[in-house]
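Number of protein chains: 2
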Amino acid sequence: MSKCDQCIIRQFNALKALGKDDLVRISGCKTSRFVQKGEVLFREGESINGIFCVKDGVCKLSKLSANGKDQIVKLVVKGDLIGQRSLVSDEKSNLTAVAVNEMEVCFIPKSEILHDLSKNASFSLDMLQDMAKELRIADNVIVDMAQKSVKQRLADVLIYLHETFDKDKDGYLSVILSREDYASLVGTATESAIRILSQFKKEGLIATTGKHVMILDLEGLRRIE
Amino acid sequence: MSKCDQCIIRQFNALKALGKDDLVRISGCKTSRFVQKGEVLFREGESINGIFCVKDGVCKLSKLSANGKDQIVKLVVKGDLIGQRSLVSDEKSNLTAVAVNEMEVCFIPKSEILHDLSKNASFSLDMLQDMAKELRIADNVIVDMAQKSVKQRLADVLIYLHETFDKDKDGYLSVILSREDYASLVGTATESAIRILSQFKKEGLIATTGKHVMILDLEGLRRIE
DNA sequence: ATTAAAACATGACAAATATCATAGTTTAAA
DNA sequence: TTTAAACTATGATATTTGTCATGTTTTAAT
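Protein chains in written order, with the numbering used here: chain D, 459 to 683; chain H, 459 to 683.
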């Protein structure tokens with residue numbers, strides 16, 4: 459079993475504020491596992507009882523809307539933590555987590571984290587800062603959802619993916635999403651997402667082969683309105 | 459000048475986690491003021507350098523979208539804090555705060571709060587819990603913005619106002635918003651908000667006289683789809 | 001009380017988006 | 001390799017929402 463104090467991933471999240479002693483203690487009770495594509499980490503309404511630290515892979519966090527459609531609230535990537543919000547407020551999860559591709563995650567039980575939150579002020583502050591950042595991003599998403607057109611939002615998603623994920627040798631995005639996922643990220647009907655992606659392709663803004671997507675004209679996408 | 463340790467308001471926010479000593483210290487450097495209706499507390503992009511504690515009144519937090527329209531992200535009411543997010547992440551404000559009616563607020567300088575965050579783990583945890591709650595609410599707003607119709611969102615706003623604010627002797631909501639504010643809360647054109655409110659009025663779901671709004675049929679509003 | 005400005009209201013039309021139907025294509029399992 | 005299921009694509013059409021124009025009402029200042 460690998461040890462937390464030697465794990466590079468923790469540099470990217472609040473766990474970096476912990477000292478060697480705490481990391482060793484956490485190492486002793488954490489579990490590590492692989493999650494295959496499409497597998498559910500947890501569902502809306504379930505108790506998570508800990509946090510996940512994403513060592514590799516991508517995960518979508520979604521919420522079921524009243525009309526029965528899933529809305530993806532955010533994508534979680536390597537280095538991110540999952541479940542802090544529910545842990546801190548001692549509630550069941552408000553989101554469902556599904557692996558977008560194969561993931562490797564560590565799970566740290568609630569009690570360990572709470573122990574550190576109550577003793578280590580700098581860890582608490584770091585966690586607070588992480589959550590403050592999430593909140594700022596959420597505010598932006600609210601405004602975008604309310605004010606931008608579907609086409610703009612889809613262009614934004616493509617730009618975000620291009621800036622966030624690696625490309626394969628041919629230049630295609632390393633993250634593979636279904637058209638339904640795109641629709642769910644943007645908050646529109648699957649057909650609308652398909653239509654707009656087809657249009658972007660015709661206009662030479664992107665290239666697609668099956669589910670593989672490549673951004674050809676980033677500036678063009680930024681100009682969409 | 460009133461003293462924080464005797465202020466009932468603090469029971470409703472993270473300040474409740476502070477001990478008498480800290481409250482006395484904060485009392486010594488806080489400032490209290492009245493803010494008149496329509497007055498700007500701070501704008502997007504400004505440094506707040508502290509937090510506001512709302513003793514009375516209502517405030518709208520909004521963000522300018524790319525198309526030039528203001529989107530109200532949330533309403534802040536008596537007992538709430540404003541500016542925690544920016545303070546914690548040491549950033550300029552991402553939101554603009556405008557008083558909806560006359561407010562009374564206390565301003566606590568950043569240094570005092572940071573002092574407590576670094577020393578008092580239970581205060582940090584309380585702050586963390588407040589922010590976790592805000593984040594959950596923000597997630598819900600995202601899903602609603604993305605998946606619900608304008609009519610549903612407006613019905614939701616009316617229900618929220620009904621459940622959150624007092625009514626006057628005739629049953630009208632104590633909080634007075636312009637049609638533009640309603641539009642800005644749900645993310646739609648002012649004309650659309652006006653039209654839907656008119657429709658709700660015709661259907662007997664609400665009553666309006668000028669800017670005064672009364673909810674007549676809560677269940678009817680809940681049934682809107 | 002008068003009056004100008006702001007806010008509200010509504011019609012007509014345009015644009016964006018959803019829905020339904022149907023067909024082609026890709027994917028993954030047997 | 002075959003085959004069924006899932007996914008992608010696109011047309012036709014309906015619905016929702018935005019925009020522009022115009023008139024009315026309310027509000028607040030003089």
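Using N, Cα and C, we set each Cβ at its ideal position, and we do this for glycine too. These numbers were taken from a predicted model, which means no experiment stands behind them.
Query raised in the report: Which residue or residues does DSSP assign as beta-bridge partners of Q529/D?
Result: K521/D
Query raised in the report: From what residue to what residue does the beta strand (DSSP E) around S490/H run?
Result: T489 to V493
Query raised in the report: So what does L631/H bridge to, in DSSP terms?
Result: K625/H
Requested in this report: Return helix, strand or coil for E677/D, following the three-state DSSP convention.
Outcome: E677/D falls in the helix class under three-state DSSP.
Query raised in the report: Helix, strand or coil: how does DSSP classify V563/D here?
Result: strand
Query - Range covered by the alpha helix (DSSP H) that runs through L473/D - result: Where L473/D is concerned, there is no enclosing alpha helix (DSSP H), given that its DSSP letter is neither H nor E.
Query - One or two residues paired with A665/D in a DSSP bridge - result: M672/D
Report task. Give me the Cβ distance between E570/D and C487/D, rounded to the nearest whole Å; I'm assuming they're in contact under 8 angstroms. Result -> 6 angstroms
Query raised in the report: Would you call the CB atoms of E502/H and L553/H closer than 7 angstroms?
Result: yes
Query raised in the report: Around the Cβ of T646/H, are there at least 16 other Cβ atoms within 10 angstroms (buried) or fewer (exposed)?
Result: Flag for T646/H reads buried.
Query raised in the report: Does any residue of chain H bring its CB to less than 7 angstroms from the CB of K521/D?
Result: yes
Query raised in the report: Counting along the chain, where does the beta strand (DSSP E) carrying V498/H start and finish?
Result: V498 to F500
Requested in this report: Could you tell me whether the Cβ atoms of I617/D and K669/D are closer together than 7 angstroms?
Outcome: no
Report task. Give me the Cα-Cα distance between P567/D and V644/D, rounded to the nearest whole angstrom. Result -> 33 angstroms
Query raised in the report: Near D514/D, what residues of its chain come up, given a Cβ to Cβ distance below 7 angstroms and the 5 sequence neighbours on each side ignored?
Result: K536, M561 and E562
Requested in this report: Starting from the Cα of R653/D, find the closest Cα among L612/D, F623/D, L522/D and F500/D and give me that residue.
Outcome: L612/D
Query raised in the report: Do the CB positions of I509/H and L545/H come within less than 7 angstroms of each other?
Result: yes
Query raised in the report: CB-CB under 8 angstroms to D588/H, same chain, minus the five flanking residues each way: which ones, in chain order?
Result: N471, A472, L539 and Q542
Requested in this report: Determine the burial state of F658/D: buried for a count of at least 16 other Cβ atoms within 10 Å of its Cβ, exposed for fewer.
Outcome: buried
**Report entry** Check whether C558/D and K518/D have beta carbons under 7 angstroms apart
**Finding:** Per the sequence shown, the amino acid found at residue 558/D is Val instead of Cys. Yes, the Cβ-Cβ distance between V558/D and K518/D is below 7 angstroms.
Query raised in the report: With a cut-off of 7 angstroms, does the C-beta of L593/D fall near any C-beta of chain H?
Result: yes
**Report entry** Pairwise C-alpha distance: F500/H and E649/H
**Finding:** 28 angstroms
Query raised in the report: Going by DSSP, what residues sit across from F510/D in a beta bridge?
Result: I540/D and F565/D
Query raised in the report: Cβ of D624/D less than 7 angstroms from any chain H Cβ?
Result: No, because no Cβ of chain H sits closer than 7 angstroms to the Cβ of D624/D.
Query raised in the report: With distances taken from CA atoms, which of V512/D, L663/D, D479/D and A641/D is nearest H620/D?
Result: L663/D
Query - Under 7 angstroms from the C-beta of M585/D: neighbouring residues of chain H - result: L586
Query raised in the report: Looking only at its own chain, which residues have a Cβ that is under 6 angstroms from the Cβ of I530/H, when we skip the five neighbours before and after it?
Result: K518, S520, S642 and L643
Query raised in the report: According to the Cβ coordinates, are C564/H and S490/H closer than 7 angstroms?
Result: yes
Requested in this report: List the residues of chain H whose Cβ lies closer than 9 angstroms to the Cβ of I566/D, in chain order.
Outcome: Residues of chain H passing the Cβ test: none, with the nearest at roughly 17 angstroms.
**Report entry** Beta bridge counterpart(s) of T554/D as assigned by DSSP
**Finding:** S520/D
Requested in this report: Measure the alpha-carbon distance for M685/D versus A555/H and round it to whole angstroms.
Outcome: Residue 685/D falls outside the range modelled here, since chain D spans only 459 to 683, and no answer is possible.
Query raised in the report: Roughly how many whole angstroms lie between the Cα atoms of R483/H and Y630/D?
Result: Those two C-alpha atoms are separated by around 58 angstroms.
**Report entry** Alpha carbon of L533/D to alpha carbon of A665/H, nearest angstrom
**Finding:** A665/H has its alpha-carbon roughly 43 angstroms from the corresponding atom of L533/D.
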